[in-house]
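Residue numbers for the sequence shown follow the working numbering, so the first one is 7 and each next one is one higher.
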Amino acid sequence: MIGSPIRHSRSPAIHNAAFRALGLDWVYLAFEVDPGRVPEALAGMRALGLAGLSVTLPHKEDAAGAVDDLSDTAAALGAVNTVVVGADGRLRGENTDAAGFLASLADAGVAVDGHRCVVRGAGGAARAVVWALAQAGASEVVVVPGRDQGRAERTAAVAGVVGRVAGGRLGSAADEVAAAHIVVNATPLGLDGGPELAFSPLLLGPGQAVVDLIPRTTTALLRVAAMRGAQTVDGMGMLVRQGALAFRLWTGCEPPIEVMRAAAVS
Ligand code: NDP
């Protein structure tokens with residue numbers, strides 16, 4: 007795995023537990039790689055004969071430009087989170103974030119088809135989520151900007167005809183959130199216990215599923231959403247599911263989901 011910062015990632019624990027559970031003689035390691043050095047990291051991967059690689063912040067877009075081939079999803083998102091080495095030695099860039107997100111919703115029993123969705127944020131995770139929701143048949147995917155309106159417009163466009171940016175005035179963005187069936191935080195807001203939440207608690211309530219991508223079992227947003235009567239879905243589900251999809255691509259084995267889930271939260 008390459009990223010920066012990478013020290014606190016749960017992915018090594020998740021994958022190494024899965025390798026042990028299946029008796030595979032594999033190991034998963036995290037490497038701190040500075041921004042701009044993805045081509046060198048991939049060259050090193052080839053030279054060392056690694057079987058695969060996870061790619062995380064801030065390298066996903068650079069990796070899309072540095073692999074030999076892209077899957078359809080990785081091409082659509084312009085981002086790679088998983089590199090697979092083919093039998094011919096070619097590096098194939100995949101993106102399992104979108105499918106991992108949808109799998110985490112399915113695990114929680116949250117339906118997407120025909121429903122209105124709101125996503126706060128416009129970075130790499132938001133792009134994957136917006137694309138996934140549109141693919142899964144959401145009736146609308148409304149992006150509430152993190153801070154940058156232009157970036158939010160580019161992210162909303164990933165959803166095609168069902169994508170748009172929330173109204174410029176605060177009031178109308180609030181209406182969009184209150185009317186949504188699925189509400190997703192794709193920003194780090196609330197990560198370090200900061201006072202600002204991605205959504206006002208007053209807009210959340212029964213009949214909604216509130217998803218926080220922050221990879222923790224609970225967050226301030228999820229706590230207030232639960233108090234307001236909304237269903238909550240944490241980011242550990244997506245982390246485990248996107249990792250499980252990568253595991254299958256690398257090893258060809260069925261991933262031991264419950265083992266991976268237990269390792270993620272241990
Ligand atoms: P990016 O840096 O690509 O995007 C971050 C987004 O958050 C941007 O839209 C940015 O706004 C917004 N943002 C950042 N700080 C603030 C702030 N102070 N106020 C308002 N908006 C802000 O990061 P990622 O998309 O990769 O990650 C976003 C979140 O998703 C993180 O918490 C990350 O941990 C989580 N994540 C979880 C995964 C999982 O498997 N559970 C997988 C990937 C990510 P702007 O557009 O204006 O710059």
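Even for Gly, the Cβ is constructed at its ideal location relative to N, Cα and C.
Predicted model only: the values in this text are computed from it and were never measured.
Query, Result
"If you draw a straight line from the alpha carbon of residue 103 to that of residue 16, how long is it in whole angstroms?", "15 Å"
"Check residue 20 in the structure and name its three-state DSSP category.", "helix"
"Would you tell me roughly how many angstroms separate the C-alpha atoms of residue 168 and residue 146, rounded to the nearest one?", "5 Å"
"Could you tell me if residue 176 is buried or exposed, where buried requires 16 or more neighbouring beta carbons within 10 angstroms of its beta carbon?", "Confidence at residue 176 is low in this model, with a pLDDT of 44, below 50, so its placement is unreliable and no value can be given for it."
"Taking its Cβ as the centre, do 16 or more other Cβ atoms sit within 10 Å of residue 155, making it buried, or is it exposed?", "exposed"
"Could you check what DSSP says for residue 12 in three-state terms: helix, strand or coil?", "coil"
"Can you tell me the Cα-Cα spacing of residue 226 and residue 91, whole angstroms?", "40 Å"
"I want to know whether the segment 17-28 touches the segment 261-272 - three or more CB-CB distances under 8 Å.", "yes"
"For residue 60, which residues does DSSP report across the bridge?", "88"
"I want to know whether the segment 68-86 touches the segment 25-38 - three or more CB-CB distances under 8 Å.", "no"
"On a Cα-Cα basis, can you pick out the residue from 232, 220, 24, 234 that is closest to residue 240?", "220"
"Tell me, to the nearest whole angstrom, how far the beta carbon of residue 100 is from that of residue 255; I am working on the premise that it is less than 8 Å.", "6 Å"
"For residue 37, which three-state DSSP category applies?", "strand"
"Which residue comes first and which comes last in the alpha helix (DSSP H) that contains residue 277?", "Here the chain has residues from 7 to 272 only, and residue 277 is not among them."
"For residue 157, is the beta carbon positioned less than 6 Å from some heavy atom of the ligand NDP?", "yes"
"With three or more beta-carbon pairs closer than 8 Å as the criterion, would you say the segment 122-130 touches the segment 183-197?", "yes"
"Taking the continuous beta strand (DSSP E) assigned at residue 188, which residues delimit it?", "188-191"
"So the candidates are 197, 53, 41, 78; which of them puts its Cα closest to the Cα of residue 8?", "41"
"Taking 6 Å as the cut-off, is the CB of residue 193 close to at least one heavy atom of the ligand NDP?", "yes"
"Among residues of its own chain, excluding the 5 on either side of residue 179, which ones have a beta-carbon nearer than 8 Å to its beta-carbon?", "150, 172, 173"
"What do you reckon, is the C-beta of residue 154 under 6 Å from a heavy atom of the ligand NDP?", "yes"
"When the Cα atoms are used, what is the spatial distance from residue 106 to residue 242?", "10 Å"
"Scan the segment 127-161 and note each continuous alpha helix (DSSP H) run of 4 residues or more that stays entirely inside, going in chain order.", "130-141"
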